[in-house]
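Protein chains: 2
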Amino acid sequence: MTNVQSIPSPSIHSEDRAHEADHPTSLLAKFGIEQPLKLDCGIDLAPFQIAYQTYGELNADRSNAILICHALTLDQHVANVHPMTGKAGWWANMVGRGLPLDIDRYFIICANVIGGCMGSTGPASTNPATGKPWGLDFPVVTIPDMVRAQAMLLDRLGIDTLFCVVGGSMGGMQVLQWTVAYPERVFSAMPTACATRHSAQNIAFHELGRQAVMADPNWHQGRYAENGTLPHRGLAVARMAAHITYLSDAALHRKFGRRMQDRALPTFSFDADFQVESYLRYQGSSFVERFDANSYLYLTRAMDYFDIAGDHNGVLAQAFRGIKTRFCVVSFTSDWLFPTSESRALVHALNASSARVSFAEIETDRGHDAFLLDVPEFFDISRAFLESAGKARGLGSTGLGSTGG
Amino acid sequence: MTNVQSIPSPSIHSEDRAHEADHPTSLLAKFGIEQPLKLDCGIDLAPFQIAYQTYGELNADRSNAILICHALTLDQHVANVHPMTGKAGWWANMVGRGLPLDIDRYFIICANVIGGCMGSTGPASTNPATGKPWGLDFPVVTIPDMVRAQAMLLDRLGIDTLFCVVGGSMGGMQVLQWTVAYPERVFSAMPTACATRHSAQNIAFHELGRQAVMADPNWHQGRYAENGTLPHRGLAVARMAAHITYLSDAALHRKFGRRMQDRALPTFSFDADFQVESYLRYQGSSFVERFDANSYLYLTRAMDYFDIAGDHNGVLAQAFRGIKTRFCVVSFTSDWLFPTSESRALVHALNASSARVSFAEIETDRGHDAFLLDVPEFFDISRAFLESAGKARGLGSTGLGSTGG
Chain R
1 MTNVQSIPSP
11 SIHSEDRAHE
21 ADHPTSLLAK
31 FGIEQPLKLD
41 CGIDLAPFQI
51 AYQTYGELNA
61 DRSNAILICH
71 ALTLDQHVAN
81 VHPMTGKAGW
91 WANMVGRGLP
101 LDIDRYFIIC
111 ANVIGGCMGS
121 TGPASTNPAT
131 GKPWGLDFPV
141 VTIPDMVRAQ
151 AMLLDRLGID
161 TLFCVVGGSM
171 GGMQVLQWTV
181 AYPERVFSAM
191 PTACATRHSA
201 QNIAFHELGR
211 QAVMADPNWH
221 QGRYAENGTL
231 PHRGLAVARM
241 AAHITYLSDA
251 ALHRKFGRRM
261 QDRALPTFSF
271 DADFQVESYL
281 RYQGSSFVER
291 FDANSYLYLT
301 RAMDYFDIAG
311 DHNGVLAQAF
321 RGIKTRFCVV
331 SFTSDWLFPT
341 SESRALVHAL
351 NASSARVSFA
361 EIETDRGHDA
371 FLLDVPEFFD
381 ISRAFLESAG
391 KARGLGSTGL
401 GSTGG
Chain G
1 MTNVQSIPSP
11 SIHSEDRAHE
21 ADHPTSLLAK
31 FGIEQPLKLD
41 CGIDLAPFQI
51 AYQTYGELNA
61 DRSNAILICH
71 ALTLDQHVAN
81 VHPMTGKAGW
91 WANMVGRGLP
101 LDIDRYFIIC
111 ANVIGGCMGS
121 TGPASTNPAT
131 GKPWGLDFPV
141 VTIPDMVRAQ
151 AMLLDRLGID
161 TLFCVVGGSM
171 GGMQVLQWTV
181 AYPERVFSAM
191 PTACATRHSA
201 QNIAFHELGR
211 QAVMADPNWH
221 QGRYAENGTL
231 PHRGLAVARM
241 AAHITYLSDA
251 ALHRKFGRRM
261 QDRALPTFSF
271 DADFQVESYL
281 RYQGSSFVER
291 FDANSYLYLT
301 RAMDYFDIAG
311 DHNGVLAQAF
321 RGIKTRFCVV
331 SFTSDWLFPT
341 SESRALVHAL
351 NASSARVSFA
361 EIETDRGHDA
371 FLLDVPEFFD
381 ISRAFLESAG
391 KARGLGSTGL
401 GSTGG
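For the record, the sequence lines run as chains R and G. Read in full-length UniProt numbering, the first sequence has 144 at position 144, and its numbers run on one by one without any break. Read in full-length UniProt numbering, the second sequence has 319 at position 319, and its numbers run on one by one without any break.
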């Protein structure tokens with residue numbers, strides 16, 4: 001990823017990309033020192049780059065673009081085989097031909113967040129001042145910073161208005177930030193399984209994860225790359241902690257209960273006797289192979305700082321005053337990381353702002369991760385919302401044959 | 001703690017002990033190789049010792065004894081100043097003169113569990129075969145093992161029947177095990193904030209904690225004492241994880257919300273910006289000074305293995321068939337570690353067994369830790385239950401002046 005790579009144009013069509021599905025190479029938007037990213041901490045980050053994927057085709061009116069914002073440990077590989085894990089994209093059940101986010105109708109973009117580790121500039125990138133990885137010298141970024149970088153990417157792609165911004169969890173936070181920071185650029189929005197702020201319990205779990213990483217002597221104050229080490233064990237523990245919060249008690253019970261691993265009787269040892277132990281160990285160890293430990297610190301921190309009301313005199317409704325964006329707020333009843341009560345508070349604030357909002361509180365026992373799973377009701381709601389918003393936007397039934405701006 | 005110390009008799013009275021309140025020295029019951037503790041794993045543990053505290057006076061009928069079973073990281077220092085922390089006993093608001101567990105009426109015993117680290121034999125004790133600390137060579141113990149050791153202690157003290165067994169969390173599990181293993185020795189029981197089995201989510205959190213300890217290179221496969229190290233950082237992370245589960249989301253929100261630490265604006269760093277971060281760090285670092293890391297592994301494991309129904313063909317009611325013990329089951333509505341639904345399931349099983357049971361589901365937003373806090377309703381219920389059971393037991397109003405056996 002050197003600076004000589006040409007900036008991709010948005011004219012890459014789904015047909016071309018479909019052939020590359022098994023060999024995805026993310027597109028890169030590079031911003032030089034004359035185009036800094038103005039960060040909330042006061043620092044101008046430059047140069048920087050954004051790695052992204054697109055699916056489908058931008059219509060002539062440039063009115064059918066959907067931005068997907070990814071969650072904490074996910075990335076831009078929404079609907080293609082992941083280049084590192086070899087697994088299907090994380091939203092392959094949602095994004096594709098004939099799926100709710102239909103690539104025959106919409107032009108879909110997903111960009112790795114700033115601070116991430118899948119091609120966008122982050123703490124593992126090279127600090128131009130030293131020629132070494134940034135490490136903890138990388139500035140602390142926020143959800144608004146991520147969204148600001150995405151807006152610069154859209155400018156580059158020549159997309160003024162997004163038909164929709166969609167995302168779950170940390171992605172949902174970005175969706176909300178889009179509607180607050182650039183309301184005129186967002187025709188519709190689907191914040192999912194998220195909240196307008198990180199709660200004390202949310203912060204506590206993140207701090208636990210960070211302390212686990214930092215407790216690993218191989219972390220070396222963030223300079224593990226230069227020390228030829230990786231804080232695998234600490235990061236695995238952090239991942240295990242987070243993973244517990246992604247599943248409901250009921251989902252864990254149904255999946256594993258108290259079932260033993262390959263045996264009927266306890267071993268009276270510290271081996272992974274229970275299936276849930278072995279599952280968690282696997283979640284931890286597989287994660288460290290695909291994710292940068294410092295990025296984990298930065299992205300959790302960004303979520304901790306997120307607080308829309310806090311940025312608006314403590315009054316959430318103020319943030320959305322006069323907004324024209326159509327909202328579909330989605331929550332899952334068994335999500336205890338971002339309880340559905342948080343989404344309800346958001347809906348109340350949107351109502352108080354006279355925003356157009358529908359609220360889908362989906363009954364499921366699958367917990368926070370439900371937004372990534374096969375939950376037919378969620379697919380149906382997404383499809384219907386986009387359909388309805390598409391009509392209002394003047395998108396024809398094929399999406400590409402736009403009938404209006 | 002050598003083997004020459006004499007076995008204490010139960011004739012030490014509250015008046016004597018009250019004078020020692022600021023200088024508590026736990027009593028020790030030592031069991032030689034001729035009196036092994038028969039463990040569930042098949043091993044006979046011998047010699048071993050149990051460290052315990054008593055408060056109040058055993059009456060002439062030996063009918064006023066209450067056994068308190070302590071939780072995971074607590075110990076026998078229920079109502080006296082803790083010799084290591086210098087803080088008040090963990091149940092000083094519940095146990096004392098005029099308090100619900102009135103030391104003027106009852107003879108109260110609390111023993112450090114087997115596997116613990118406050119004087120009872122555990123992984124930090126010396127392995128007689130090697131002359132070194134047991135470490136991971138210590139056999140894995142279970143909740144039934146803990147209770148079996150307590151029963152041997154009571155035999156030693158000449159106490160045949162307990163007036164009541166009381167305890168919260170892991171202590172509540174021991175209470176239940178007492179009623180299942182020795183129903184004829186338990187006149188009444190108050191299992192509090194507990195469950196009849198560890199759920200998949202419970203196991204997951206414990207496994208997370210164990211992995212955090214074991215990830216610390218200073219753990220040295222449990223041989224840190226011989227290596228002159230302590231796995232402080234891993235144990236602190238484990239404690240942080242556990243501590244989050246002890247508080248409700250609402251309690252954390254009320255206590256800390258998103259309040260910043262000594263400042264109004266974020267530092268854009270990984271310092272403890274939020275009060276909840278600083279609180280968790282303190283919880284972690286203060287814990288490691290008083291608790292043995294290997295004990296933490298063993299006691300969490302014991303809880304994971306606990307499953308009363310599993311030991312009775314999967315039918316909980318079978319475990320309590322024909323039981324005469326009077327039960328008062330106590331749960332707290334905001335406890336998400338041991339949800340009140342688990343207590344309700346226990347009550348249903350007890351009802352199905354025609355046991356005498358009252359159920360107090362206490363409305364509070366303070367989470368699992370409520371059983372340790374000033375919750376007046378809990379005090380009132382405890383007092384009333386003991387009062388009523390005392391009448392049935394024939395204990396006079398002064399407790400000591402028994403009117404029957």
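Even glycine gets a Cβ: it sits at the ideal position worked out from N, Cα and C. The structure presented is a predicted model; accordingly, all values stated were derived computationally and were not measured.
First and last residue of the beta strand (DSSP E) that includes MET303 (chain R)?
Premise fails: MET303 (chain R) lies in the alpha helix (DSSP H), 293-305, not in any beta strand (DSSP E).
Using a Cβ-Cβ distance cut-off of 8 Å, determine whether CYS41 (chain R) contacts chain G.
Answer yes: the Cβ-Cβ gap between CYS41 (chain R) and chain G drops below 8 Å somewhere.
Within a Cβ cutoff of 7 Å, which residues of the same chain sit near VAL237 (chain R), ignoring the five residues on either side of it in sequence?
The residues are ALA212 and GLY284.
Determine the direct distance from the alpha carbon of GLU387 (chain G) to that of ASP216 (chain R), and round the result to whole angstroms.
Approximately 53 Å between the Cα atoms of the pair.
Please state the DSSP three-state secondary structure of LEU176 (chain G).
Reduced to three states, the DSSP call for LEU176 (chain G) is helix.
Report the residues of the stretch 189-208 of chain R with a CB closer than 8 Å to any CB of chain G, ordered along the chain.
Per Cβ criterion, the list reads ARG197, HIS198, SER199, ALA200, GLN201, ILE203, ALA204, PHE205, GLU207 and LEU208.
Name the chain R residues that come within less than 8 Å of GLU289 (chain G), Cβ to Cβ?
Going along chain R, no residue has its Cβ under 8 Å from GLU289 (chain G), so there is no contact; the nearest lies around 16 Å.
Closer than 9 Å by beta-carbon distance: list the chain G residues that pair up with ARG258 (chain R), in chain order.
ARG197, HIS198, SER199, ALA200, ILE203, ASP304, ASP307 and GLY310, listed in chain order.
Using a threshold of 7 Å, is the CB atom of ARG210 (chain G) nearer than that to any non-hydrogen atom of the ligand HEM?
With respect to small molecules bound, the structure shown includes none, and the ligand HEM cannot be examined in it.
Residues in the same chain with beta-carbon distance under 6 Å from LEU153 (chain R), minus the five sequence neighbours each way, listed in chain order, please.
Closer than 6 Å at Cβ, skipping near neighbours: ALA29, ILE50 and ALA111.
Looking at PHE338 (chain R): is its Cβ nearer than 8 Å to the Cβ of THR73 (chain R)?
Going by C-beta atoms, PHE338 (chain R) is not nearer than 8 Å to THR73 (chain R).
Between which two residues does the alpha helix (DSSP H) holding ILE381 (chain R) run?
From DSSP, the alpha helix (DSSP H) with ILE381 (chain R) extends over 376-393.
Suppose you measure from the CA of ASP335 (chain R) to the CA of THR340 (chain G); what does that come to, to the nearest Å?
Computed Cα separation, rounded: 19 Å.
Opposite LYS324 (chain G) in the DSSP bridges: which residues?
BP columns for LYS324 (chain G) are empty, so no partner.
Return the residues of the stretch 212-233 of chain R that lie within a Cβ-Cβ distance of less than 8 Å from chain G, sorted by chain order.
Listed by position along the chain: ALA212, MET214, ALA215, ASP216, PRO217 and ARG233.
Who are MET152 (chain G)'s beta bridge partners in DSSP?
Looking at the DSSP assignment, MET152 (chain G) forms no beta bridge with any residue, so it has no partner.
Taking C-beta to C-beta, are LEU208 (chain R) and ALA241 (chain G) nearer than 8 Å?
Taking 8 Å as the Cβ cut-off, LEU208 (chain R) and ALA241 (chain G) qualify as a contacting pair.
Taking only three categories from DSSP, how would you classify GLY168 (chain G)?
The answer is strand: DSSP assigns GLY168 (chain G) an E or B state.
According to DSSP, which residues form a beta bridge with ALA60 (chain G)?
BP columns for ALA60 (chain G) are empty, so no partner.
Please classify VAL79 (chain G): does DSSP put it in a helix, a strand, or coil?
In the sequence under discussion, the amino acid at residue 79 (chain G) is Ala, which differs from the Val named in the question. Here ALA79 (chain G) sits in coil by DSSP.
What do you get for ASN59 (chain G), buried or exposed, if any count of 16 or more other CB atoms within 10 angstroms of its CB means buried?
Burial call: buried.
Looking only at its chain, what residues have a beta carbon closer than 7 Å to the beta carbon of LEU350 (chain R), apart from the 5 residues adjacent to it on each side?
Once the five neighbours on either side are set aside, the close Cβ partners of LEU350 (chain R) are PHE320, PHE327 and VAL357.
From GLY131 (chain G) to GLN35 (chain G), what distance separates their C-alpha atoms?
Using only the alpha carbons, I get a separation of about 20 Å.
Taking the runs of the alpha helix (DSSP H) that are 4 residues or longer, which of them lie wholly in the stretch 325-374 of chain G?
Qualifying alpha helix (DSSP H) stretches, in chain order: 340-352.
Measure the beta-carbon distance from LEU299 (chain G) to VAL113 (chain G) and round it to whole angstroms, keeping in mind my assumption that it falls under 8 Å.
With 8 Å as the limit, LEU299 (chain G) and VAL113 (chain G) qualify as a contact, their Cβ atoms being about 7 Å apart.
Whose CA, out of R:ASP307, R:ALA189 and R:GLU289, lies closest to the CA of PRO83 (chain R)?
When only C-alpha atoms are compared, the closest one is R:GLU289.
Could you tell me whether the Cβ atoms of ALA293 (chain R) and GLY171 (chain R) are closer together than 8 Å?
It is not a contact, given that the beta carbons lie outside the stated cut-off.
Short of 8 Å Cβ to Cβ, which residues in the stretch 277-288 of chain R face chain G?
Those residues of the stretch 277-288 of chain R that come within reach of chain G (Cβ to Cβ, closer than 8 Å) are GLU277, LEU280, ARG281 and GLY284.
Could you tell me whether the Cβ of LEU297 (chain R) comes closer than 8 Å to any Cβ of chain G?
It does: the Cβ of LEU297 (chain R) has a partner Cβ on chain G nearer than 8 Å.
Could you check how far apart the C-beta atoms of GLY89 (chain R) and HIS77 (chain R) are, in whole angstroms? I think they sit under 8 Å.
Right, the Cβ-Cβ distance comes to about 5 Å (below 8 Å), so this counts as a contact.
Please report the residue range of the alpha helix (DSSP H) in which TYR246 (chain R) lies.
Here the alpha helix (DSSP H) through TYR246 (chain R) covers 232-246.
Helix or strand or just coil, what does DSSP make of SER188 (chain G)?
Strand.
Measuring straight from C-alpha to C-alpha, what distance separates ALA272 (chain G) and GLN261 (chain G)?
Straight-line Cα distance between these residues: approximately 7 Å.
By the criterion of Cβ-Cβ separation under 7 Å, what are the contact partners of MET240 (chain R) in chain G?
The answer, in chain order, is LEU208 and GLN211.
Could you round the C-beta distance between ALA193 (chain G) and VAL330 (chain G) to whole angstroms and report it? I think they count as a contact, below 8 Å.
Confirmed, Cβ separation roughly 7 Å.
For the alpha helix (DSSP H) containing TYR282 (chain G), name the first residue and the last one.
First-last of the alpha helix (DSSP H) with TYR282 (chain G): 275-287.
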